[in-house]
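Inspection log for the structure reproduced underneath, given as structure tokens.
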């Protein structure tokens, strides 16, 4: 029982981070129907940003978080203007290749500039662990998960409670209609990239507290983010949150029941089952 | 007419096939030294990953080889190494000098093979060495086997390499199965020193790739031989972002000793999780990889203390073995860094080759092959922690072994074999809460 409680708790913590990183992906998809295949590599860049803020400027990753979010948001806009906008008029295939190629480029540049070395942020404000009854929780993971909850809450507030958020959602719903209502959809696109990449930046900054940083780190979380988005429903931020936690818990518990090497297989199976029963995802619109 | 041509072609092909094995390289380009007439230089081919992701290791290997060649050719008699008291060069070949011709495999098995062919056929090297990565060594040694030139491998550890019934392949380094056996020899020795404190139950945590699965396989195999019980094996995916369920399984197994095969990122994650969930062992024994990465101690920090990992070489071997310190000092003065497992083993490989050529009194591959089979270099004359170098029928050095190092005070310290230990083993490792 103790073991189950422990694994579920760890699964929830991991799931919240997955959810936050997936939220960024799903937002961009929702607003402009583009899958950002460089998503995991955005995460990698964010983690390096945190690392260098710590290594060079001596900034604790938690304090550097707003800066990392802003930097990634800005990077998102640059990518939108420099890479995405030119291929918007091209075929869907061109759009896929553009982000896919961008991902490979980012990984290659990271390996060239930062070398393939594994880096790790040393002791931070969030070091250590604490126990809740029989369950031991790592402070870094807990703070990262709480941070993910807060940022997700802010994202919800932005989308739900502000005029800009309404405009974003309107663009996602019906681009033409939104334009007729006087919404500058191009600005909304840029904003979606800024907010989406900013979410990834937040996830990266929180992960960097405890996870090793290397050029391929995006691969660890990238695929899971796609599955999270698809499971939750493309374009649904709430769905991504739900799916993230679900995947976190399912993989952890599966690792306990089956051989841990197969724990992701179970999560992918769950995804396949949902896909068959409910193709639009858990909270997606049909 | 056409049929006639086809027949001719067939005859030519068959003839070529027949001629190939008969035409020994010695008969073609490599003059067998007649009595008194020796070559001025003996060429050795070396294929290594000199560019690409493994280029830094390639530099280490090349430095080790360059230093060995320089010592042999100059005859530094102040070093107690084979051949060095002979006044420079290979005495039995009229003082002929060694010359190593390097080729770049770029870490690619196909390129390693074609470069080996080129070195043998156009540069007429007498012996080949290389190629660090087991996969490249496999293909490169295949080329040497076909062309009937000895291939001496000094640093690839896949057990499959000597299971191929090759006649021209010799390996001086121990392989991964011998390293797995070392774990239990170490535990047996530790039990003598700490009676009643070394359990006979182990649990294995390993990556689910070839490396990790092999370690799991060999550890299980030798556990049986040494009467240890393997309570469980926990395999995990290399890209797992969280290892909680894996660590929980280790905890549930209640085994007091953990044997681990991990790379850097996952090793770091595993140790952090062990600490956070307060999972304790008497000892953690790692199969090198992530645990000997130059970033391991900096990344893991204080939590790396007391971890044990097998190694092939450590510079503190010099405290018990003067020749190690002497060679390492020279190495550092030349290249600015200490030797490591790669450079030390490549260095040793050149002495194996030079010693064999010298005893063969010839650069005829058949004679060198014969001499390699008779190799018997004693322990004091090598910079490795081995009992010596002697090849069995498979071409494997049977006297090799690894060492166990323990992280003490932020440094790797040799603790086993006991006679080479620079500091005593700390056992059991203190619990997380008592550090």
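Residue numbers (the numbering used here), protein chains in the order written: chain A, 1 to 286; chain B, 1 to 435.
Built from N, CA and C at the ideal position, the CB exists for glycine as well.
Just so it is clear, the structure is predicted and the values come from calculations on it, not from any experiment.
- Under the 8 Å criterion on CB atoms, residue 7 (chain A) is classed as interfacial with respect to chain B.
- With a beta-carbon spacing of about 5 Å, residue 100 (chain B) and residue 44 (chain B) fall inside the 8 Å limit used to define contacts.
- Within the region 350 to 390 of chain B, the runs of alpha helix (DSSP H) at least 4 residues long that lie entirely inside it are, in chain order, 365 to 373.
- Under the three-state reduction of DSSP, residue 57 (chain A) is assigned to coil, being neither helix nor strand.
- In the three-state reduction of the DSSP assignment, residue 325 (chain B) falls in the helix class, which pools H, G and I.
- At a C-beta separation below 8 Å, residue 53 (chain B) has these neighbours in chain A: 116.
- Assigned with DSSP and collapsed to three states, residue 170 (chain B) falls in strand.
- Residue 185 (chain A) carries a helical assignment under DSSP once its states are collapsed to helix, strand and coil.
- Chain-order list of chain A residues neighbouring residue 435 (chain B): empty, with the shortest C-beta distance near 12 Å, by a criterion of under 9 Å.
- In the three-state DSSP reduction, residue 305 (chain B) falls in the coil class, being neither helix nor strand.
- Buried is the label assigned to residue 189 (chain A), since at least 16 other Cβ atoms lie within 10 Å of its Cβ.
- Residue contact check for residue 261 (chain A) against chain B: a CB pair falls below 8 Å.
- Residue 419 (chain B) and residue 297 (chain B) have their C-alpha atoms some 26 Å from each other.
- Within the same chain, and ignoring the five residues on either side of residue 236 (chain A) in sequence, the residues whose Cβ sits closer than 6 Å to its Cβ are 283 and 284.
- Taking residue 169 (chain A) as the centre and dropping the five residues before and after it, the same chain places the C-beta of 159 closer than 7 Å to its C-beta, in chain order.
- Straight through space, the alpha carbons of residue 146 (chain B) and residue 73 (chain B) are spaced by roughly 30 Å.
- When DSSP states are grouped into helix, strand and coil, residue 241 (chain A) belongs to the helix group.
- Bridge pairing for residue 137 (chain A): A:130 [DSSP].
- Under the 8 Å criterion on CB atoms, residue 264 (chain B) is classed as interfacial with respect to chain A.
- Burial state of residue 125 (chain A) is exposed, judged by a 10 Å Cβ sphere holding fewer than 16 other Cβ atoms.
- Excluding sequence positions up to five before and after residue 263 (chain B), its CB lies within less than 6 Å of the CB of 289 and 290, all in the same chain and listed in chain order.
- Each of A:65, A:203, A:210 and A:239 was checked against the Cα of residue 222 (chain A), and the nearest Cα belongs to A:203.
- For residue 255 (chain A), a Cβ of chain B is located within less than 8 Å of the residue's own Cβ.
- Closest in alpha carbon position to residue 255 (chain A), among B:253, B:242, B:333 and B:255, is B:242.
- Going by DSSP, residue 276 (chain A) is part of no beta strand (DSSP E) but of the alpha helix (DSSP H) stretching over 263 to 277.
- Within the same chain, Cβ atoms closer than 7 Å to the Cβ of residue 215 (chain A) are found at 44, 107, 110, 111, 114 and 116, the five residues on either side in sequence being excluded.
- Contact check for residue 144 (chain A) and residue 209 (chain A): beta-carbon distance about 6 Å, within the 8 Å limit, so the pair qualifies.
- Scanning B:172, B:90, B:55 and B:385 for the CA closest to the CA of residue 321 (chain B) turns up B:385.
- Take the alpha-carbon of residue 140 (chain B) and the one of residue 263 (chain A): they are about 38 Å apart.
- Within chain B, the residues 245, 248, 249, 251 and 252 have their CB atoms less than 9 Å from the CB of residue 3 (chain A), given in chain order.
- If you look at residue 154 (chain B), you'll find it isn't in any beta strand (DSSP E); DSSP assigns it neither H nor E.
- The DSSP-derived three-state label of residue 282 (chain B) is coil.
- In chain order, 21, 24, 39, 42, 43, 46 and 72 place their CB closer than 7 Å to the CB of residue 200 (chain A), counting only its own chain and leaving out the 5 sequence neighbours on each side.
- The beta carbon of residue 69 (chain B) is closer than 7 Å to those of 98, 100 and 350 in its chain, skipping five residues each way along the sequence.
- Close to residue 264 (chain A), with beta-carbon spacing below 9 Å, are these residues of chain B in chain order: 237, 239 and 240.
- If you ignore the 5 residues before and after residue 179 (chain B), its C-beta comes within less than 6 Å of the C-beta of 310 and 402, all in its own chain and listed in chain order.
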